[in-house]
Amino acid sequence: MTDAPPSEPTPAPTVGPDSAPIASGAAVPPRRFDGQVALVTGASRGIGLGVAQRLQSEGATVVLTARTPESLAEAVASFPEGTAIGIAGKSDDPAHRAEVFDAVAARFGRLDVLVTNVGINPIYGPTIDVDLDAARKILDVNVLGTLAWVQGAVHHEGLGFRERRGRIVSISSVAGEMPSPGIGFYGVSKAAVSHLTRTLAVELGPDIRVNAIAPAVVKTQFARALYDGREAEVAATYPLGRLGTPEDIGAAVAYLASADADWITAQVLTADGGLLTAGGSA
Ligand SMILES: NC(=O)c1ccc[n+]([C@@H]2O[C@H](COP(=O)([O-])OP(=O)(O)OC[C@H]3O[C@@H](n4cnc5c(N)ncnc54)[C@H](OP(=O)(O)O)[C@@H]3O)[C@@H](O)[C@H]2O)c1
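Here the sequence shown stands for residues 1 to 282, numbered as in full-length UniProt numbering.
Next up, the structure:
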């Protein structure tokens, strides 16, 4: 397990009696997760790190996972002291998941927010010719992995997830909404993640809310091949004129996981700069 190193604690934002920011200048973020614990899978970089940073900036203690211990430790070290821990392992490994949930229960005795972010796409090409072993791996990690993380959070007695009105946000994709050339089977897996979201939301209410985000291209290592060397050209197909950032997705996840979304469940929020509506695909 990796802990954040000693550093200055995050200063509490200055708020007035009606919670309006007092200071002028940059907007002070809300603190919607004070005292809460959030687990984000696949969070050493990219969208997962952006999500963890946003939740922590709003008061959460964050638990990060990833396969590579070194880069996970670096990510944890970028957080203020005592606000982040990292546990390395493969998302689709049952022993890793058990280790994470046991560690969270032992250390914090609670879990409030679960963000299932890990998703893979090791293949590119027409779905008709997809290698079935690779397809099985995609389903294992993207779909069954997502389900298994939810099962672990809900069933682990040391986390009190249901009692705390736990919130789950999964990272799906616009590729699960509209067929995307070259990444068709990945899209099939993300369509399953989106439907899993709706199915679990119906089963787990009224205590637990379950939602997902479906991003278009977000500037990360995972998606680099989709825009490298031609970002302006790709961005021009988006009504908002730019690609997404991990911060964009972090803000959307924080909304769905917060009390501001207290009457919202079973939703897949498209975060795509308007791409799908304009007739585009990832
Ligand atoms: N970027 C986009 O355009 C985009 C769009 C729509 C949806 N998404 C979805 O967003 C999610 C995150 O993607 P990203 O773009 O942020 O990817 P990324 O930049 O490649 O980051 C992936 C993170 O997950 C970890 N990871 C990868 N495979 C893992 C595994 N099997 N077990 C545990 N950790 C694992 C990586 O660390 P290690 O390599 O050390 O394990 C890293 O921390 C995925 O579900 C993806 O499908 C991305």
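Here a beta-carbon is modelled for each residue, glycine too, at the ideal position from N, C-alpha and C.
Contact test: residue i Cβ vs ligand 1 heavy atom, cutoff 8 Å
i           : result
I171        : yes
residue 354 : Shown here, the chain extends from 1 to 282; a query on residue 354 therefore has no answer.
R45         : yes
D248        : no
R242        : no
Q151        : no
F222        : yes
T270        : no
V28         : no
I120        : yes
V113        : no
G42         : yes
P215        : yes
D228        : no
Which residues DSSP lists as bridging residue i, in chain order
i    : result
V100 : Beta-bridge pairing links V100 to no other residue.
V37  : T61
T270 : A214
I171 : I213
G50  : None, per the DSSP bridge assignment.
G125 : I183
Rounded C-alpha distance that separates residue i from residue j
i    : j    : result
F108 : I138 : 32 Å
N142 : E81  : 32 Å
A212 : T270 : 9 Å
L226 : D262 : 35 Å
A214 : A106 : 33 Å
G274 : L64  : 30 Å
E177 : P29  : 31 Å
A192 : V210 : 14 Å
A23  : F222 : Note that A23 scores 49 on pLDDT, short of 50, meaning its location in the model is unreliable; the coordinates nonetheless yield the value given after this. Going from the Cα of A23 to the Cα of F222 covers about 38 Å.
Y238 : D102 : 43 Å
R224 : A75  : 20 Å
S281 : A236 : 13 Å
G279 : A175 : 13 Å
T277 : E231 : 20 Å
First through last residue of the beta strand (DSSP E) which encompasses residue i
i    : result
R164 : Unbroken run through R164: none, as it is neither H nor E.
Element boundaries [alpha helix (DSSP H), containing residue i]
i    : result
T199 : 184–204
L256 : 246–257
V113 : Premise fails: V113 lies in the beta strand (DSSP E), 113–116, not in any alpha helix (DSSP H).
V69  : The amino acid occupying residue 69 in the given sequence is Pro; Val does not appear at that position. 69–77 is the extent of the alpha helix (DSSP H) around P69.
D133 : 132–138
- Is the region 109–121 in contact with the region 35–44, if contact means three or more CB pairs nearer than 8 Å? At 8 Å Cβ cutoff, the stretches touch.
- Item | Sufficient close CB pairs (3 or more, under 8 Å) joining the region 86–95 to the region 156–166 | Too few Cβ pairs lie closer than 8 Å, so no.
- Message: I'd like to know if the region 216–226 and the region 186–202 are in contact, where contact means that at least 3 CB-CB pairs between them fall below 8 Å.
- Response: Pairwise C-beta distances place the region 216–226 out of contact with the region 186–202, as fewer than three of them are shorter than 8 Å.
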